[in-house]
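Peer 1: The following block contains the structure, expressed as structure tokens.
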Amino acid sequence: MTLPVVASEAEAREPTMTPKDYHRIHFDTSALPSKRIVGLLACQRDPSLRQMETKVISSKPASVAAPPPARGKEKKKKAGEVIGPNTPAVNGSSGASSDSPVVQGKLWEVELEDTVIFPEGGGQPFDTGTLYVDGSGSSRAFKVEGCLRRKLDSVHLVRALEEDSSIFENLERQQVKVVVDWERRMDHMTLHTSQHLLSAVLDTFAEGLPTLSWSLPAFPSLEAPYVELPRALTWSEAEQVEKRCNDFIEENRRIWVDVDIQQEGYVKMTAAGIRENRGIPQDYNDGVIRHINIDGIDRNACCGTQLPFLSQLYFLHVIPPSTPKDSNNPTKTPSKLYFVSGPRAIKFLQQSSRTLSEASQVLGMARLELPQRVAKAEELRRETMSREKTLRTELARVIGDTEARNPQSTSDGVYWIHRNDKSTLDFEFMGLIATSLLDAQPPSGPLEAPVVIISATANGITPSLLLVMSPAQDLAKKVYENLKTTLEEGPESKGRVKGGGARGRFMSKVDGKWSKGETAKVQAIADELRASSGAGQ
Numbered sequence: 009m010t011l012p013v014v015a016s017e018a019e020a021r022e023p024t025m026t027p028k029d030y031h032r033i034h035f036d037t038s039a040l041p042s043k044r045i046v047g048l049l050a051c052q053r054d055p056s057l058r059q060m061e062t063k064v065i066s067s068k069p070a071s072v073a074a075p076p077p078a079r080g081k082e083k084k085k086k087a088g089e090v091i092g093p094n095t096p097a098v099n100g101s102s103g104a105s106s107d108s109p110v111v112q113g114k115l116w117e118v119e120l121e122d123t124v125i126f127p128e129g130g131g132q133p134f135d136t137g138t139l140y141v142d143g144s145g146s147s148r149a150f151k152v153e154g155c156l157r158r159k160l161d162s163v164h165l166v167r168a169l170e171e172d173s174s175i176f177e178n179l180e181r182q183q184v185k186v187v188v189d190w191e192r193r194m195d196h197m198t199l200h201t202s203q204h205l206l207s208a209v210l211d212t213f214a215e216g217l218p219t220l221s222w223s224l225p226a227f228p229s230l231e232a233p234y235v236e237l238p239r240a241l242t243w244s245e246a247e248q249v250e251k252r253c254n255d256f257i258e259e260n261r262r263i264w265v266d267v268d269i270q271q272e273g274y275v276k277m278t279a280a281g282i283r284e285n286r287g288i289p290q291d292y293n294d295g296v297i298r299h300i301n302i303d304g305i306d307r308n309a310c311c312g313t314q315l316p317f318l319s320q321l322y323f324l325h326v327i328p329p330s331t332p333k334d335s336n337n338p339t340k341t342p343s344k345l346y347f348v349s350g351p352r353a354i355k356f357l358q359q360s361s362r363t364l365s366e367a368s369q370v371l372g373m374a375r376l377e378l379p380q381r382v383a384k385a386e387e388l389r390r391e392t393m394s395r396e397k398t399l400r401t402e403l404a405r406v407i408g409d410t411e412a413r414n415p416q417s418t419s420d421g422v423y424w425i426h427r428n429d430k431s432t433l434d435f436e437f438m439g440l441i442a443t444s445l446l447d448a449q450p451p452s453g454p455l456e457a458p459v460v461i462i463s464a465t466a467n468g469i470t471p472s473l474l475l476v477m478s479p480a481q482d483l484a485k486k487v488y489e490n491l492k493t494t495l496e497e498g499p500e501s502k503g504r505v506k507g508g509g510a511r512g513r514f515m516s517k518v519d520g521k522w523s524k525g526e527t528a529k530v531q532a533i534a535d536e537l538r539a540s541s542g543a544g545q
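Here the sequence shown is numbered in the numbering used here, starting from 9 and rising by one per residue.
What follows is the structure, encoded as structure tokens:
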């Protein structure tokens with residue numbers, strides 16, 4: 009099949025800092041038409057190019073309501089905020105929820121002869137930008153909210169108001185200008201190039217640690233990207249890897265792209281130290297294969313945008329792994345190694361520095377003292393929790409033993425305790441009380457076994473808690489079901505008791521306010537149980 013790509017690399021373009029030999033084509037381009045395919049787009053031939061003039065190949069209403077959702081956490085626009093052709097939508101927002109911005113207009117799918125807008129691929133998120141169109145005698149700007157790859161084609165998702173539909177209906181063959189959102193591109197590009205460098209260093213580190221996968225949260229997220237490795241690194245290993253990467257950055261190693269025609273069953277043999285071809289999409293056929301070369305370090309197939317020089321990364325920081333700092337025995341299971349570089353590394357540093365300052369102000373100490381003071385505070389917290397657990401257990405025993413000697417309860421075997429205390433509003437404490445009470449082997453009266461009912465609430469807190477325990481499993485189940493039915497009487501109370509149990513232990517959360525009415529209902533169940541067993545007569 010004839011490859012429908014760029015005719016020549018000698019085309020006129022605005023000067024950029026990209027070297028002329030950055031993009032190296034290893035096949036005859038003389039017979040290729042002007043329509044660029046993914047793999048030979050302007051953004052891939054010259055990653056420093058920020059804008060260009062080109063022609064529209066096609067324009068039609070989009071088959072999607074919004075660009076694909078981006079990875080990572082992005083700042084959400086306020087509810088009711090209008091998104092129009094000149095206001096970039098949050099990636100992935102479709103106006104479906106009440107917190108989503110109000111989206112005006114509709115998306116159009118616009119294919120251009122060539123573009124500086126990169127479609128998502130190779131793990132790198134898509135670019136956004138602006139499309140300038142001459143209409144009604146003046147230049148109009150429309151937001152490019154995303155860019156998709158469909159086989160060999162690059163499809164721009166452009167937002168336009170309804171009154172501008174006629175412009176896009178008649179856009180074919182018109183000359184337009186397309187401009188990339190450079191801050192977003194630079195963020196993605198530096199991190200993608202950093203991933204190639206980091207993966208190459210890891211490939212030759214220790215026993216060789218191949219990259220299993222990687223992920224890049226889209227701009228403007230400050231989340232760190234990661235590479236997934238067969239095992240975790242120690243802190244010492246992470247520092248060694250970081251230093252090796254930064255040594256290469258300081259040396260300002262060059263980067264270039266080799267481009268070959270894609271052939272059926274194409275797998276280029278690799279020499280030692282060169283990673284294999286991988287990650288080529290299954291629906292990308294009859295196109296080109298791009299190999300990204302980092303001088304003397306790496307060669308890897310990739311369709312993303314890559315910087316021409318490593319020095320443009322500024323520096324690369326490997327975030328310390330989850331392995332304990334002093335450990336020399338990292339986990340042997342797949343693990344994520346996070347890193348930052350370029351503009352995101354600077355923002356990451358700023359955010360981390362401010363967070364440290366805020367924490368030091370809260371704790372009233374110098375920033376460098378934080379690790380030691382936090383470690384000491386954690387030690388004290390654990391000691392406090394241990395003491396609290398001991399005291400809670402002793403308190404539960406006292407409450408249980410006291411109730412076990414309650415003359416009224418011992419005469420009929422029904423032990424009901426109601427507590428109104430925020431500090432002990434949990435099933436663990438209630439269970440300790442019930443267990444302590446039953447361990448005391450209290451009299452069961454006329455019942456086959458003693459039954460314990462504990463209800464707990466706290467002012468202004470919902471839900472309340474309910475526990476029923478008895479050595480007689482059927483008795484515990486019967487009492488619990490009676491309580492559940494009684495507390496759910498009335499249409500507004502239906503379904504408010506949520507929980508269950510087995511083997512003589514039943515626990516539930518009771519939604520809504522616990523009032524005197526609920527207390528009276530539990531009292532009525534206890535009285536009914538006493539009456540049915542013949543107690544008190």
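Don't be surprised by glycine CBs; every beta carbon is placed ideally from N, CA and C.
(1) Candidates Arg148, Val235 and Val118: which alpha carbon is nearest Leu156's?
(2) Using DSSP with H/G/I as helix, E/B as strand and the rest coil, what is Pro351?
(3) Under 8 angstroms Cβ to Cβ from Ala70, same chain only, skipping five residues before and after it: list those, please.
(4) For Asn178, does the three-state DSSP call read helix, strand or coil?
(5) What are the boundary residues of the alpha helix (DSSP H) that includes Pro379?
(6) Would you say Ala240 and Pro329 are within 8 angstroms of each other, going by their C-beta atoms?
(7) Near Thr219, what residues of its chain come up, given a Cβ to Cβ distance below 6 angstroms and the 5 sequence neighbours on each side ignored?
(8) How about Gly295 and Val124: are their beta carbons less than 8 angstroms apart?
(9) Tell whether a beta-carbon distance below 8 angstroms holds between Asp189 and Gly137.
(10) Report the three-state DSSP secondary structure of Gln369 (helix, strand or coil).
(11) Tell me which same chain residues have a C-beta within less than 6 angstroms of the C-beta of Ala279, skipping the five on either side of it?
(12) First and last residue of the alpha helix (DSSP H) that includes Trp522?
(13) Spell out the partners DSSP gives Ser463 in its beta bridges.
(14) Between Gly503, His31 and Val152, which has its C-alpha nearest Pro75's C-alpha?
(15) Compare the Cα-Cα distances from Leu230 to each of Leu403, Gln359 and Lys430 and report the closest residue.
(16) Do Arg427 and Ala464 count as a contact pair if the criterion is CB distance below 8 angstroms?
(17) Mind checking Val64: buried by the 16 CB within 10 Å criterion, or exposed?
(18) Spatial neighbours of Ala466 within its chain, please: CB distance less than 7 angstroms, with the 5 preceding and 5 following residues excluded, ordered by chain position.
(19) For Arg307, which option in Tyr488, Leu40, Met197 and Thr201 has the closest C-alpha, if you only look at C-alpha atoms?
(20) Please report the straight-line C-alpha distance between Gln557 and Met515, rounded to a whole angstrom.
(21) CB-CB under 6 angstroms to Lys340, same chain, minus the five flanking residues each way: which ones, in chain order?
(22) Can you tell me which of the three DSSP states Gly154 falls into?
(23) Determine the closest residue to Glu3 out of Gly498, Val505 and Gly520, with distance taken between C-alpha atoms.
(24) In whole angstroms, what separates the C-alpha of Gly92 from that of Ala168?
(25) Taking the C-alpha atoms as reference points, what is the distance between Leu40 and Gly154?
(26) For the beta strand (DSSP E) that contains Ile33, what are its first and last residues?
(27) For Ala172, count neighbouring Cβ atoms within 10 angstroms of its own Cβ and tell me buried if that reaches 16, exposed if not.
(28) Please report the straight-line C-alpha distance between Ile354 and Leu318, rounded to a whole angstrom.
Peer 2: Well, looking at it:
(1) Of Arg148, Val235 and Val118, the smallest CA-CA separation from Leu156 is found for Val118.
(2) helix
(3) The residues Lys114, Leu115, Trp116, Glu117 and Leu165, in chain order, have a CB closer than 8 angstroms to that of Ala70 in the same chain once the five nearest residues on each side in sequence are set aside.
(4) In this structure, Asn178 counts as coil in the three-state DSSP scheme.
(5) Leu378 to Ala412
(6) yes
(7) Closer than 6 angstroms at Cβ, skipping near neighbours: Ser207 and Val235.
(8) no
(9) yes
(10) In the structure shown, Gln369 sits in a helix (DSSP, three-state: H, G or I).
(11) Bear in mind that the predicted position of Ala279 carries a pLDDT of just 38, short of 50, making it unreliable; the figure below should be weighed with that in mind. Result list for Ala279: empty, nothing under 6 angstroms.
(12) First-last for Trp522: undefined, no H or E at that position.
(13) DSSP, once it has assigned bridges, lists His426 and Leu474 as partnering Ser463.
(14) Val152
(15) When each option's Cα is compared against that of Leu230, the closest is Gln359.
(16) yes
(17) Val64 should be labelled buried.
(18) Asn428, Asp429, Lys430 and Leu433
(19) Thr201
(20) The shown model of the chain, from 9 to 545, leaves out residue 557, and the question about it has no answer.
(21) Arg239
(22) In this structure, Gly154 counts as strand in the three-state DSSP scheme.
(23) Outside the shown range of the chain, which is 9 to 545, sits residue 3, and nothing can be said about it.
(24) Note that Gly92 has pLDDT 43, beneath the 50 cutoff, so the model's placement of it is unreliable and the number below is only indicative. Answer to the nearest angstrom: the Cα atoms are 7 angstroms apart.
(25) 27 angstroms
(26) His31 to Ile33
(27) One detail in the question is off: residue 172 reads as Asp in this sequence, not Ala. Counting Cβ neighbours within 10 Å, Asp172 comes out buried, since at least 16 surround it.
(28) 16 angstroms
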